[in-house]
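Protein chains: 2
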Amino acid sequence: MHCPSTVNGTDNLANGETGRRSCPGERRVRPTYTSRPPYDRDNWVTIVRRGKGSYHMARKQNTSVSIADVAKVAGVSAQTVSRVANGSEAVRPATKKRVLAAMDQLGYRPSFAARSLRAGRYHIVGLAMPSNISATGRRIQFENIATAAADHQYALTLVQINENELSLTEASRRMESLPVDGQILGLGMEPYDFESFVPPSSIPTVIISPKPHPLCATVSNDQVGCAIDVVNYLVDKGHQEIRFAGGRREAPANIGRYKGWLQVMHDKGLSPQEPLFGDWTADSGYRMGTILARDKSCTAIFVANDTMAVGVIYALREAGIRVPEDVSVIGVDDSMVGVIPRLELSSYRFNDERVGSVAFDLATNPPAEDLEMPHILVPGTLVERSTVVPPR
Amino acid sequence: MHCPSTVNGTDNLANGETGRRSCPGERRVRPTYTSRPPYDRDNWVTIVRRGKGSYHMARKQNTSVSIADVAKVAGVSAQTVSRVANGSEAVRPATKKRVLAAMDQLGYRPSFAARSLRAGRYHIVGLAMPSNISATGRRIQFENIATAAADHQYALTLVQINENELSLTEASRRMESLPVDGQILGLGMEPYDFESFVPPSSIPTVIISPKPHPLCATVSNDQVGCAIDVVNYLVDKGHQEIRFAGGRREAPANIGRYKGWLQVMHDKGLSPQEPLFGDWTADSGYRMGTILARDKSCTAIFVANDTMAVGVIYALREAGIRVPEDVSVIGVDDSMVGVIPRLELSSYRFNDERVGSVAFDLATNPPAEDLEMPHILVPGTLVERSTVVPPR
DNA sequence: ACACAGAATGTTAACGTTAACATTCTGCTA
DNA sequence: TAGCAGAATGTTAACGTTAACATTCTGTGT
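Chains A and B, in that order, are what the protein sequence lines are.
Residues in the first sequence are numbered from 1263 upward in steps of one, following our numbering.
Residues in the second sequence are numbered from 1263 upward in steps of one, following our numbering.
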């Protein structure tokens, strides 16, 4: 993803000896620019300051210092250095001091590769995700897995999967060549090889999926449960004509929410009207809203995410329908807090933190060989704000 | 971040032999639930299905298969296996076939640890970020670094830094014990040890920072340049009374944008009115909007991000001031596309992709020892939409 | 001063891979 | 059919670390 190299005249200043390309307008400035108020945009200067003594020296012996080097300098055996490095008790204070001094002097850092070669473990979990991490849900999931890992002193290694080829097999294959103790596959959409995927024997595998998999542990937000809770809530408030405004038809999350809505409507003996489907954006919500505005009998709308819910509300209000006085609206995700002033959108908040920690847990501490594969659905909670009231 | 263990009665089904805790409401369901329309929320079933032959077999010899095992089975030397594994030409097709068969049979995977111990490289870059990755800007940065890494066949390892102790030294220390060839430190706020930080000699280090650092390469979006472009644009449209509605006072991004605004106002001989500051949220924008609504001479407002710009616009409109007819408003980030229907907010879009690729590039292919430390500011582009027009 | 227990330190080997060199094949030429 | 070049394969050693065992200290009690 390098910038097209339309390098303009003044730009060559930024091309270092390494041959790095720069983009038009990109510039290097001298270290002091922030303290020079009359910021001069066209006067690009190349900085000259360099590291001092210690840093420069350290760079010299860049070619990794090994435990043997430290041992030689400290006048002890490699094993003793290892003991000091690992905080063993059985080292005389005087020796320890000598070793620490030698480490410091040489800038010794234990080699991750050598350590994990011995240990057979990495203390890292891998996460495979599609490239557009930003999409709500995915992003939050990612963040929470990262947090769970950090809580357990694990690092997280990310493998980006091309949006267009969501294949569990491919994701897993790439992960296998990386230093990970377990892998979490969060591909969002159901990948085409979901059924046929066989997890590698070498690393525990968890799939983030609302659908169970015969050979892998799976974790997910409980989409159906979410819809059940939301629709029950609306019914409890007294609503009977509850419409469903969904997201992308084939999205697993959308399907789950739709199913839950349908089920409760049936269970309660209510007649579900034609569901609508959008594409998760506010615009598609707006479009559905214009249609829903014509349904005079409808008193509540369950929208499959908050972004679309905003669109629905705009459309309703433009059509002269008040929310919540005339029609109640509830979304999913609880993602609109602090984004739109004076909009207190009722919503459903998933427990992404829990999903992350369960996924991490299953990936690093997999169930025993002969146990069944867990399929865990994590419930969220309904967030009451002000867009749902009893019908008039 | 485990769930408090108020495990209820029915819940113990979910407690596997591994002693894993489950949360109330969490459940395991049988694999077939999605195809069982009358979804029964209270009937939790534990799945029993297990892997078949091949999978089970593979699990057996879990304790990693080495190159020597493959060699033995294939009746060749380890070196030959290595050659096959690395796609060397110099292997007779018949031999290659035997080796591949042996690999397949045993489920051989080369050991990352051993390989990188030999190679001295990992093909992984490390990224240190504060825990709340979601914050606009940071998230996008993250995503773009991940993409840049993927483009170069690198994986990305994330180290989360506690929001409350943003220390470059600490971040770097943790990174040093991980398998990374280079590190990118993106701590957001300026960490307290920015000045005193000495990068490790072992791995190339890049800081994402609008301020240069004497010992490290630095990359950043050009905040000052952004403001300069935006304010010049407003001036070109004919605006003279241009107010600034900023974000968190001490945030580096906010400071840069403020400085750029101030500079252009001075350069153009315009008199800058008192700047306002919020906290990046729509609510704070709304608050600033109510104040700005009282300034009758102001014709344009430069808001330091889009979220606040939305708040400002709401407040203005509620005060009966039309946007853009009476007052033009422009934000930064271009983050509101598709979020609010019918709002076409003019904005400034940073080139985060470029920042990510430059950061990655500097981390994996650092400038030669005796070169000056680069400090690179990446410009963005102004996005004209419909909230800026010439003043009446 | 001597024996001895236990602490401190050292030695060896192994983790899995591959570069560099060594050896053995293969097919071809004279 | 010997000789040979070059292809195919094998052997050795090293990457940096640490578990397991071996050795050497140290101080204490006689």
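All residues carry an ideal CB built from backbone N, CA and C; glycine is no exception.
Of the other Cβ atoms in all chains shown, 16 or more fall within 10 Å of the Cβ of H1475 of chain B; this residue is therefore buried. Nearest to E1405 of chain A by alpha-carbon distance, out of A:M1437, A:A1621 and A:V1591, is A:A1621. In the DSSP assignment, L1524 of chain A falls outside any beta strand (DSSP E) and lies within the alpha helix (DSSP H) extending over P1514 to D1529.
Only Y1576 and A1577 from the region 1575-1591 of chain B bring a Cβ to less than 8 Å from some Cβ of chain A.
The beta carbon of F1612 of chain B is closer than 6 Å to those of N1483 and G1642 in its chain, skipping five residues each way along the sequence.
Between the region 1374-1386 of chain B and the region 1350-1360 of chain B, the count of C-beta pairs closer than 8 Å stays below three; the two stretches do not touch.
Judged by DSSP secondary structure, R1611 of chain A falls within the beta strand (DSSP E) whose first and last residues are S1609 to R1611.
Within the region 1437-1466 of chain A, the complete beta strand (DSSP E) segments of 3 residues or longer fall at 1444-1447, listed in chain order. The beta carbon of Y1548 of chain B sits closer than 8 Å to some beta carbon of chain A. Look at the beta carbons and you see the region 1413-1433 of chain A touching the region 1413-1426 of chain B: at least three pairs across the two are nearer than 8 Å. Using a Cβ distance threshold of 8 Å, P1441 of chain B and S1378 of chain B count as a contacting pair. The region 1553-1563 of chain A and the region 1572-1583 of chain A touch, with no fewer than 3 CB-CB distances between them shorter than 8 Å. The C-alpha of P1586 of chain A is placed about 15 Å away from the C-alpha of Q1502 of chain A. Contact of V1572 of chain A with chain B by beta-carbon distance below 8 Å involves V1601, I1602 and P1603. For M1635 of chain A, the three-state secondary structure derived from DSSP is coil. The residues V1497, in chain order, have a CB closer than 6 Å to that of K1530 of chain A in the same chain once the five nearest residues on each side in sequence are set aside.
Assignment of N1348 of chain A by DSSP, reduced to helix, strand and coil, places it in the coil class. Between G1573 of chain A and D1541 of chain A, the C-beta spacing is not below 8 Å. Flagged as an interface residue toward chain A: L1639 of chain B, by a C-beta distance shorter than 8 Å. Within chain B, the residues placing a beta-carbon under 9 Å from that of G1369 of chain A are P1462, S1463 and S1464, ordered along the chain. Using a Cβ-Cβ cut-off of 7 Å, E1646 of chain A is close to nothing in chain B; its nearest Cβ partner there is about 18 Å away. For the region 1537-1568 of chain B, the set of residues with a beta-carbon nearer than 7 Å to any beta-carbon of chain A comprises T1543, A1544, D1545 and Y1548, in chain order. Around the beta carbon of H1528 of chain B, a 10 Å sphere encloses fewer than 16 other beta carbons of the protein chains shown; the residue is thus reported as exposed.
Here the region 1486-1495 of chain A makes no contact with the region 1460-1468 of chain A; the two share fewer than three CB pairs at distances below 8 Å. Judged by DSSP in its simplified three-state form, T1543 of chain B adopts coil rather than helix or strand.
The beta-carbon of P1392 of chain B is placed no less than 8 Å from the nearest beta-carbon of chain A. Beta-bridge analysis with DSSP links T1419 of chain B to A:T1419 and B:G1388. Here the C-alpha atom of V1346 of chain B lies approximately 55 Å from the C-alpha atom of G1518 of chain B. Put simply, the CB of P1534 of chain B is far from chain A, with every gap to its CB atoms at 8 Å or more. Taking S1546 of chain A as the centre and dropping the five residues before and after it, the same chain places the C-beta of G1540, M1570 and G1573 closer than 7 Å to its C-beta, in chain order. As the crow flies, the alpha-carbon of Y1495 of chain A is around 45 Å from that of G1618 of chain B. Shortest Cα-Cα distance from Q1445 of chain B to any of B:T1543, B:N1627 and B:M1635 involves B:N1627. For F1506 of chain B, no CB of chain A lies under 8 Å from its own CB, so it is not counted at the interface with that chain.
Judged by pairs of C-beta atoms under 8 Å, the region 1557-1564 of chain A touches the region 1588-1608 of chain A, as three or more such pairs exist. Annotation: G1508 of chain A is outside any alpha helix (DSSP H); the continuous beta strand (DSSP E) that includes it extends over I1504 to G1508. Nearest neighbour of G1448 of chain A by Cα position, chosen from A:N1424, A:S1344 and A:P1392, turns out to be A:P1392.
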